[in-house]
Structures are given as C-alpha cells and as structure tokens.
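Below is one structure, written out as structure tokens, with a few remarks after it.
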Amino acid sequence: MEVMNVVAILVVQPPQCRVEEHTKHRLSETLRSLQTKDNFLPTERHTHTHSNTHSGERKVEGEAEEQKEREGGRGGRKAEGRGEVGGREGKGEKEEEKRIRREGEKGREKGRERREKRAEEGRDGRKEQGRKKERQKERQRELNSSIERRESNP
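For the record, in the sequence shown the residue sitting at position 112 is 112 according to the working numbering, with numbers rising by one throughout.
The following block contains the structure:
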C-alpha cells in the first residue's frame, strides 16, 4: 500500500488579530521545515504588520497597496471606536490618561511649592543632602584615621 504525504497548513492570522512575535516565528519555522523538493511551499510569509508589533519587517511589493485598500486610506491606526477589533474600548481610556497626566502635573507643582517654602525658611532639601553626605564623609575619615593610629601604635 502506498503512503501519501499530506500537508495541511492552518493560517491563524486574519488581518485584525494580534499575534505575538514568537508565534509568528514558530509558524514560519514550521513552514520551513515542511519545505522539501517533493512538496514545495512558497516562502513568502504573511507580512502585514500589526500596530502592536514593531518587528520592522518589510512588506512584499504589492502587498502594501493591497493592505491600504483593505484598511481604506493611508493605513496606520485603526478607527478608535467602541468594540472594534484593533481599536480602543471607547473614550474612557483617553479620559483616564488625561486624569493621570493632570495628577502628575499637580504632584510636580506641589513638590515645587514645597521646595520653594523650604528655601524661604533657609533649609533647601538639596543643600541639606549635600551637608549630610559631607558629615558622613568626615565621620568615615575620622574612623579611618583612628584605625590607622591603632595599627601604627599597638
């Protein structure tokens, strides 16, 4: 009885899915391992890039235009709408980002005010740290000199 070689390839990468780099790599390795003289498979990989991957892959000529037609327009980011694949989940995320940015600005402002207040009182925090380090170095020098004296005078 004659044994037949059957090769089945499952493409798991529709245009709007998110596939991690190592998964793409494994898929391409599998394709390469299946290539023999008897059952040759084309070597062109599925090269459209996702917005979440920065692989720097070059697109096969002609495929870039096809992708533009598929996405409609110049390409780039997908429409940011509710429930769209590849888009954001509504405007809530943007609002949260703005809130976080505002809080950060408030925090920096408060810190600036605190530093100014300390400077007015004559105790600038940065200068205090410098003095603290100087005192620490001085103590270390005294300790070293006392150890040297003990070693030289038994």
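From the three backbone atoms N, C-alpha and C, an ideal C-beta is built for every residue, glycine too.
How many angstroms separate the CA atom of R32 from the CA atom of H25?
Numbered from 1 along the sequence shown, position 32 holds the residue referred to as residue 32. Numbered from 1 along the sequence shown, position 25 holds the residue referred to as residue 25. In a straight line, the C-alpha of R32 is about 11 Å away from that of H25.
Which class does G130 belong to by DSSP, given the choice of helix, strand or coil?
Walking along the sequence shown from the start, residue 130 turns up at place 130. Residue state, collapsed to three classes: helix.
Helix or strand or just coil, what does DSSP make of N144?
Indexing the sequence shown from 1 puts residue 144 at position 144. Helix at N144.
Determine the direct distance from the alpha carbon of R131 to that of L143, and round the result to whole angstroms.
Against the sequence shown, residue 143 aligns to sequence position 143. Against the sequence shown, residue 131 aligns to sequence position 131. Near 18 Å, if we compare the C-alpha coordinates of R131 and L143.
Does G107 come out as helix, strand or coil in the three-state DSSP assignment?
Sequence index remark: in the sequence shown, residue 107 carries index 107 (1-based). Three-state DSSP puts G107 in a helix.
I need the DSSP call for G122, collapsed to helix, strand or coil.
Position 122 of the sequence shown, counted from the first residue, corresponds to residue 122. If DSSP states are grouped into helix, strand and coil, G122 belongs with coil.
From the beta carbon of E120, is the nearest beta carbon of chain C less than 8 Å away?
Among the protein chains of the structure shown there is no chain C, as only one such chain exists.
By how many angstroms is the C-alpha of Q129 removed from the C-alpha of E148?
What you label residue 148 is simply residue 148 of the sequence shown in a count that begins at 1. What you label residue 129 is simply residue 129 of the sequence shown in a count that begins at 1. Cα to Cα, the separation comes out at about 29 Å.
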